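Visitor: In order, the protein sequences belong to chains A and B.
With the first letter of the first sequence counted as 1, position 13 gets the number 13 in this note's numbering; the numbers rise by one all the way through.
With the first letter of the second sequence counted as 1, position 72 gets the number 251 in this note's numbering; the numbers rise by one all the way through.
Glycine included, C-beta positions come from ideal geometry on N, C-alpha and C.
Small disclaimer: the values here were computed from a predicted structure and weren't measured.
Dumping the structure here so I can ask a few things about it.
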Amino acid sequence: MESDFAPSGQETVAAIEEASDPRSEAARKRLRECEDRRNACEVVREIVSNLLGCEEMALFEVDRKQQRLALIWSFGLEPGRRQLPQRLSDAVLSGVLAGETCIAQVCGHMGSECDEDKASAFVPIKFGGKTAGVLELLRLLPQKTKIDELDRALLAVISSEAGKPLFGGRGSGKGERKR
Amino acid sequence: MKKILLVDDSRTTLLMERMMLEKRTSYQCITATNGLEAVEKAQTETPDLVLMDVVMPQMNGFEACKRLRENEKTREIPVILVTTRGEESYMEAGFQSGCNDYVTKPINGPDLLKLLHSYLSE
């Protein structure tokens, strides 16, 4: 794992935090209500922007051989910022594909002078015992200083619950939207 | 029992706010999904406080706040605006619309509960 990113790796802590955090509880309920990919993308956007504090995100689908990622949806990103490979090293990619949420040691913020292509987190979206997708979060809102333990619990909910509505009907191509 | 009108076009945000308040307080929650509905509900339900998003379809939070202040029945109800935008100019616009307070997303639960309590305690 390269030095900029660290795996969250604290599932127990996340579970304890989730139990006391209404954000995670609400996120889980909303994701379980999703009927298709389009709906799931919108709910993921609401969770990440309103409950976590990041309005720049992209969702990638992992191919069946677990080798390549393909963009299927993004929010808040201009076309030139939707290219993943330049932001995702092999080390981080293998961590995420292994199911680890990787969070940047120092997150980027909107309105600051940081590199606008700086990723703040890569979240594996799990389905069928594998990492079926990767949710990338880029710059956080200016007032959001870091991704804390409660946020990790929230990301753990997305990781475990979003897979079914997003990838349960693989190949449907529904809900693709790029903004 | 104190009554809070929660206003947001995000069902996820409304659900989270409602869960937080119903789990940790005795406040009664009612909801609206845009400013127009909020103004109508405020008149019929006369809540003790309005917690309202700014960016919404049909009528935004600034306009809804102005409407609440123009109506005799709702002009004294405390209004707290909630938004992702934290810039000073944006907050200034909020206060010009007549809001009492302004908080930014993501909501910090304990801080919000303290703020609500400060307005709703006898």
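Alpha carbon to alpha carbon, how far is Gly265 of chain B from Glu100 of chain A?
Guide: Stepping through the second sequence from its first residue, residue 265 of chain B is reached at position 86. Stepping through the first sequence from its first residue, residue 100 of chain A is reached at position 100. Computed Cα separation, rounded: 32 Å.
Visitor: Determine the chain A residues that contact Met199 of chain B at a beta-carbon separation under 7 Å, and present them in chain order.
Guide: For the purposes of this step, residue 199 of chain B is identified with residue 20 of the second sequence, where counting begins at 1. Chain A residues near Met199 of chain B: Pro22.
Visitor: Closer than 8 Å, CB to CB, is Asn39 of chain A near chain B or not?
Guide: Locating residue 39 of chain A in the first sequence gives position 39, counting from the first residue. No, its Cβ sits nowhere closer than 8 Å to a Cβ of chain B.
Visitor: Tell me which same chain residues have a C-beta within less than 6 Å of the C-beta of Gly53 of chain A, skipping the five on either side of it?
Guide: Translated into positions along the first sequence, residue 53 of chain A becomes position 53. Closer than 6 Å at Cβ, skipping near neighbours: Leu140, Leu141, Lys144.
Visitor: Quick check: the Cα distance between Cys208 of chain B and Lys202 of chain B, rounded to an integer number of angstroms?
Guide: The residue given as residue 208 of chain B occupies position 29 in the second sequence. The residue given as residue 202 of chain B occupies position 23 in the second sequence. Rounded to the nearest angstrom, the two C-alpha atoms are 11 Å apart.
Visitor: If you measure from the beta carbon of Ala27 of chain A to each beta carbon in chain B, is any gap under 8 Å?
Guide: Start at 1 with the first residue of the first sequence, and residue 27 of chain A comes out as number 27. Yes, Ala27 of chain A counts as interfacial toward chain B.
Visitor: Roughly how many angstroms separate the alpha carbons of Met235 of chain B and Lys65 of chain A, rounded to a whole number?
Guide: Counted from its first residue, the second sequence places residue 235 of chain B at position 56. Counted from its first residue, the first sequence places residue 65 of chain A at position 65. Going from the Cα of Met235 of chain B to the Cα of Lys65 of chain A covers about 42 Å.
Visitor: Within its chain, find whatever has a CB closer than 6 Å to the CB of His109 of chain A; leave out the 5 residues flanking it on each side and keep chain order.
Guide: If you number the first sequence from 1, residue 109 of chain A lands on position 109. These residues qualify, in order along the chain: Arg139, Leu140, Pro142.
Visitor: Tell me the DSSP secondary structure of Met238 of chain B in three-state form.
Guide: Position 59 of the second sequence holds residue 238 of chain B. Of the three classes helix, strand and coil, the one that applies to Met238 of chain B here is coil, per DSSP.
Visitor: Determine the direct distance from the alpha carbon of Val43 of chain A to that of Leu31 of chain A, and round the result to whole angstroms.
Guide: Taking the first residue of the first sequence as 1, we reach residue 31 of chain A at position 31. Taking the first residue of the first sequence as 1, we reach residue 43 of chain A at position 43. Spanning the two alpha carbons is a distance of roughly 7 Å.
Visitor: So which residues of chain A does Ser268 of chain B contact, with C-beta pairs closer than 9 Å?
Guide: As a working note, residue 268 of chain B is residue 89 in the second sequence. Within chain A, no residue comes near Ser268 of chain B; the closest Cβ sits about 13 Å away, beyond 9 Å.
Visitor: Tell me the rounded alpha-carbon separation between Lys293 of chain B and Leu299 of chain B.
Guide: Reading the second sequence from its first residue, position 114 is the one you call residue 293 of chain B. Reading the second sequence from its first residue, position 120 is the one you call residue 299 of chain B. Computed Cα separation, rounded: 10 Å.
Visitor: What are the uninterrupted segments assigned as beta strand (DSSP E) that are 3 or more residues long and contained completely in the region 109–159 of chain A, given in chain order?
Guide: Qualifying beta strand (DSSP E) stretches, in chain order: 121–127, 130–137.
Visitor: For Gly95 of chain A, does the count of other Cβ atoms within 10 angstroms reach 16, so buried, or fall short, so exposed?
Guide: The count along the first sequence starts at 1 and reaches residue 95 of chain A at position 95. So Gly95 of chain A ends up on the buried side.
Visitor: If we require 3 or more residues per run, which beta strand (DSSP E) segments fall completely within the region 54–113 of chain A?
Guide: As far as the region 54–113 of chain A is concerned, its whole beta strand (DSSP E) runs of at least 3 residues are 57–62, 69–75, 102–104.
Visitor: Show which residues of chain A have a CB atom less than 7 Å away from the CB atom of Gly214 of chain B.
Guide: To locate residue 214 of chain B, count along the second sequence from 1; it is residue 35. What Gly214 of chain B touches in chain A: nothing, since even the nearest Cβ is about 17 Å away.
Visitor: Taking the straight line between their C-alpha atoms, what separation do you get for Glu25 of chain A and Leu155 of chain A?
Guide: Within the first sequence, numbered from 1, the residue matching residue 25 of chain A stands at position 25. Within the first sequence, numbered from 1, the residue matching residue 155 of chain A stands at position 155. Distance between the alpha carbons of Glu25 of chain A and Leu155 of chain A: 12 Å.
Visitor: Looking at the secondary structure, which residues open and close the alpha helix (DSSP H) in which Thr223 of chain B lies?
Guide: Position 44 of the second sequence, counted from the first residue, corresponds to residue 223 of chain B. Its alpha helix (DSSP H) spans residues 214–224.
Visitor: Hey, is Lys284 of chain B's beta-carbon within less than 8 Å of any beta-carbon in chain A?
Guide: For the purposes of this step, residue 284 of chain B is taken as residue 105 along the second sequence, with counting starting at 1. Lys284 of chain B counts as touching chain A.
Visitor: Closer than 8 Å by beta-carbon distance: list the chain A residues that pair up with Lys293 of chain B, in chain order.
Guide: As a working mapping, residue 293 of chain B is identified with position 114 in the second sequence. The premise fails here: Lys293 of chain B is roughly 16 Å from chain A at the closest Cβ pair, so nothing lies under 8 Å.
Visitor: Between the region 33–40 of chain A and the region 153–169 of chain A, do at least 3 Cβ pairs fall closer than 8 Å?
Guide: Verdict: yes, contact present.
Visitor: Would you call the CB atoms of Phe60 of chain A and Ile47 of chain A closer than 8 Å?
Guide: Counting from 1 along the first sequence, the entry for residue 60 of chain A is found at position 60. Counting from 1 along the first sequence, the entry for residue 47 of chain A is found at position 47. No, the pair does not count as a contact, with Cβ atoms beyond the cut-off.
Visitor: Would you kindly work out how many angstroms separate the C-alpha atoms of Lys126 of chain A and Leu193 of chain B, rounded to a whole number?
Guide: Working through the first sequence from its first residue, we reach residue 126 of chain A at position 126. Working through the second sequence from its first residue, we reach residue 193 of chain B at position 14. Distance between the alpha carbons of Lys126 of chain A and Leu193 of chain B is about 26 Å.
Visitor: For chain A, find out if any of its Cβ atoms is closer than 8 Å to the Cβ of Met153 of chain B; answer yes or no.
Guide: In the structure as shown, chain B begins at 180 and stops at 301. Residue 153 of chain B is therefore absent and cannot be evaluated.
Visitor: Inspect the beta-carbon positions of Leu184 of chain B and Pro226 of chain B and report whether they are closer than 8 Å.
Guide: Within the second sequence, the letter at position 5 stands for residue 184 of chain B. Within the second sequence, the letter at position 47 stands for residue 226 of chain B. Yes.
Visitor: I need the boundaries of the alpha helix (DSSP H) containing Leu194 of chain B, first residue and last residue.
Guide: Here residue 194 of chain B refers to the residue found at position 15 when the second sequence is read from its first residue. Unbroken alpha helix (DSSP H) run through Leu194 of chain B: 190–203.
Visitor: In this structure, how does DSSP classify Lys182 of chain B when only helix, strand and coil are distinguished?
Guide: For this step, residue 182 of chain B is matched to residue 3 along the second sequence. Looking at Lys182 of chain B - three-state DSSP - the assignment turns out to be strand.
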